[in-house]
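Before any comments, here is the structure.
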Amino acid sequence: MLSLILRLIINAVGLWLAVELVGGIEYVDPQGAEDTTGKIVTLVVLAIIFTIVNAFIKPLVKLLSLPLLILTLGLFTLVINALMLMLTAWLSGFTDYGLEIDGFWAAFWGGVIIAIVNFVLGIVVPDRD
Numbered sequence: 001m002l003s004l005i006l007r008l009i010i011n012a013v014g015l016w017l018a019v020e021l022v023g024g025i026e027y028v029d030p031q032g033a034e035d036t037t038g039k040i041v042t043l044v045v046l047a048i049i050f051t052i053v054n055a056f057i058k059p060l061v062k063l064l065s066l067p068l069l070i071l072t073l074g075l076f077t078l079v080i081n082a083l084m085l086m087l088t089a090w091l092s093g094f095t096d097y098g099l100e101i102d103g104f105w106a107a108f109w110g111g112v113i114i115a116i117v118n119f120v121l122g123i124v125v126p127d128r129d
């Protein structure tokens, strides 16, 4: 349980940095408030959606794209990360908490930032597995 909460926090930090650093990624607060609490709640909801997408859909996509992953020596993972971020944005459109991405390249750079944050914070906070 603690591992899941830590993974959610790490994904929320990654999403926050992606929103702050990439110009084409924004999140929508349902109340339109610019307060810190509303932003944190929005990021947590988006992190939950992103974590579910990464837990259930990303392994299947990686398995199906295994020949491309081998051919590109793993660089196709960056494209998969962008697609998972775009899927998260699409799924969050069905909720009040929306993630808006302006095209593939914004999703690509956002996916790179989230992957770097997950790697760095994963070293600092290792899993118990």
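1 is the number of the first residue of the sequence shown in my numbering; add one for each residue after it.
Beta carbons are placed, not taken as given, at the ideal position from N, Cα and C, and that holds for glycine.
In this text the structure is predicted, and so the values were computed from the model without any measurement.
Classification of TRP105 by the beta-carbon crowding that lies within 10 angstroms, buried from 16 upward: Label assigned to TRP105: exposed.
Cβ contact (3+ pairs, closer than 8 Å) linking the stretch 87–106 and the stretch 41–58: Short answer: they touch.
Member of ASP29, LEU121, ILE113 whose CA lies at the smallest distance from the CA of ASN81: Considering only alpha carbons, the answer is ILE113.
Range covered by the beta strand (DSSP E) that runs through ILE101: 98–101 is the span of the beta strand (DSSP E), which, as asked, contains ILE101.
Beta-bridge partners of VAL28, as assigned by DSSP: DSSP output for VAL28 lists GLY98 as bridge partner(s).
Heavy atom of the ligand COA within 7 Å of VAL53 beta-carbon: Among the components modelled here there is no ligand, and therefore nothing to report on the ligand COA.
Euclidean distance between Cα positions of THR72 and LEU6: Linking THR72 to LEU6 through their CA atoms gives a straight-line distance of about 31 Å.
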